[in-house]
DNA sequence: ATAGGGTTAG
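Structure (structure tokens):
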């Protein structure tokens, strides 16, 4: 049966249509309809561009536009959708080309088209250009203000964001939510909360923004509390809400509540997407239930990079080093994903936990390059930790001395750790002097090392030095979930 | 049929 044009339009505009389905519809149109069908229906043409723009291969909408444009005069919607595609592909060149064509054809001053370009500038991080354009726009609607506010908020410039917010003639729920997540991103969770309480109307997205504000700023229990309040308001949770809930469970190490969320997803027959999948895997692994995490992993239909990373890291942090490295090999066989920086943090962590020096060196020096991944601080700290703890102190110190990026405290401390384990007092002294001396832990460690080799005079000297600088040893702190009581208790 | 919220490391 040949589907009607009406059916096709509905499919093209549905957000749940996959990239492949869009391609099938496109092919279907070319095969079974008159080639000049698009001429009779700009609507269909635009919808196809929109569908490609919303898909995972937004560049295909440019291709379609380039091949069909001589047959069909585009309208402002065409450009609106093309700009959506170019902001998704983060190509400033593409965006300005589209803007040029739209201006030539007389659609350049259309508000939606201008907002599209504004959005492109913002997603490319060109805030100055965005502002220049915003200031001279002949007509601005609330979306123009929201775009600008979001841009400032994302870059952490909440002063400018609130300036634009005050200029906005009729801020809506989107405007307010952008302010909430802006303050959250900056770490001002209390201001975020105040703005959230002040806003005249809240929808699911606003609640999600506030929940994620708490999660980001390490207040998982507050996030769980907010979810309870959300349920009282009878606002149906979205998938993003569930992801936020899982992140809160992870942060609170609340395994039972996490299991409850998993059961809820099953009961509602919600198919796990990559966000839900990796959040679930991470939750189980961080709570120590690696087996359950692995069950989720194998059950996932679509495994994207985040899913693989969550599983590899989850195995690594729980000490299943061989299994993590096996999974990494499996990942490299797959044609759908390529490893990134995060993957290698997990790989090197696995090597370092198991003391696999040879394999660690190979990945650090070769595999990373083969995969086109750049080394970041976390890789150095794993590698230095591995080498130093296995007694290759010289090799570890050389890596720190000659690394192309500035080593941070974590890297130095990994080296110090090796010095402590192997009782290399000279190395430890050198390192402690290099580390920014405001962190007391290092002096305590050094004095413990002096004590363990019987150099009591030095122990006394370090202790006095710490006292003079008023450095205090901070007590450790851990948290547990007490059964059937979902509150989390701190324990000293 | 514009604009705001979500996964993996630290």
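Numbering (our numbering), first residue to last: 2 to 493.
For every residue, glycine included, the Cβ atom is placed at its ideal position computed from N, Cα and C.
Distance check between residue 110 and each of 288, 92, 134, 49 places 134 closest, using alpha-carbon atoms only.
With at least 16 other beta carbons inside 10 angstroms of its own, residue 65 counts as buried.
Here DSSP, grouped into helix, strand and coil, assigns residue 404 to coil. Listed in chain order, the non-local C-beta contacts of residue 364 below 6 Å within the same chain comprise 348, local neighbours out to five positions each way being set aside.
Exclusion of the five residues before and after residue 206 leaves 178 as the residues of its chain whose Cβ lies within less than 7 Å of its Cβ. Proximity to residue 372 across 362, 357, 345, 431 peaks at 345, based on C-alpha coordinates.
A Cβ-Cβ separation of about 6 Å places residue 305 in contact with residue 338 under the 8 Å criterion. Secondary structure in the stretch 348 to 377: no beta strand (DSSP E) run of 3 residues or longer lies completely within the stretch.
Burial is judged here by how many other beta carbons sit within 10 angstroms of a residue's own beta carbon; residue 425 has at least 16 and is buried. Three or more Cβ pairs closer than 8 Å define a contact, and the stretch 242 to 253 meets that threshold against the stretch 207 to 227.
Residue 401 and residue 393 have their C-alpha atoms roughly 13 Å apart. Shortest Cα-Cα distance from residue 198 to any of 302, 210, 245 involves 210.
The C-beta separation of residue 374 from residue 341 comes to about 6 Å, placing the pair in contact by the 8 Å criterion. In this structure residue 419 does not touch residue 452 by the C-beta definition: roughly 18 Å separates them, more than the 8 Å allowed.
Rounded to whole angstroms, residue 407 and residue 416 show a C-alpha spacing of 15 Å.
At the C-beta level, residue 121 and residue 83 stay beyond 8 Å of one another. With 16 or more other Cβ atoms inside 10 Å of its own Cβ, residue 166 counts as buried.
Per DSSP, residue 391 lies in no alpha helix (DSSP H) segment and is marked neither H nor E. Excluding the 5 residues flanking it on each side, residue 276 has same chain C-beta neighbours closer than 6 Å at 244, in chain order. DSSP, read as helix, strand or coil, puts residue 184 in helix.
For the set 359, 325, 368, the Cα lying nearest the Cα of residue 351 is the one of 325.
DSSP places residue 189 outside any alpha helix (DSSP H), giving it a letter other than H or E. In the structure shown, residue 228 adopts helical secondary structure according to DSSP, grouped into three states. Residue 268 has its alpha-carbon roughly 43 Å from the corresponding atom of residue 80.
For residue 336, there is no enclosing alpha helix (DSSP H), as DSSP marks it with neither H nor E. The DSSP-derived three-state label of residue 125 is coil.
Each of 320, 286, 414 was checked against the Cα of residue 389, and the nearest Cα belongs to 414. As the crow flies, the alpha-carbon of residue 422 is around 16 Å from that of residue 383. Taken through DSSP and simplified to helix, strand or coil, residue 269 comes out as coil.
The continuous alpha helix (DSSP H) containing residue 20 extends over residues 20 to 33. Under the three-state reduction of DSSP output, residue 101 falls in the helix class. In terms of Cβ geometry, residue 106 and residue 48 do not form a close pair [threshold 8 Å]. Following the DSSP letters along the chain, one finds residue 236 in no alpha helix (DSSP H), marked with neither H nor E. Around residue 20, the same chain offers 56, 57, 58 as residues with beta carbons nearer than 7 Å, after the five sequence neighbours per side are excluded. Per DSSP, reduced to three states, the secondary structure at residue 221 is helical.
Closest in alpha carbon position to residue 131, among 240, 103, 88, is 88.
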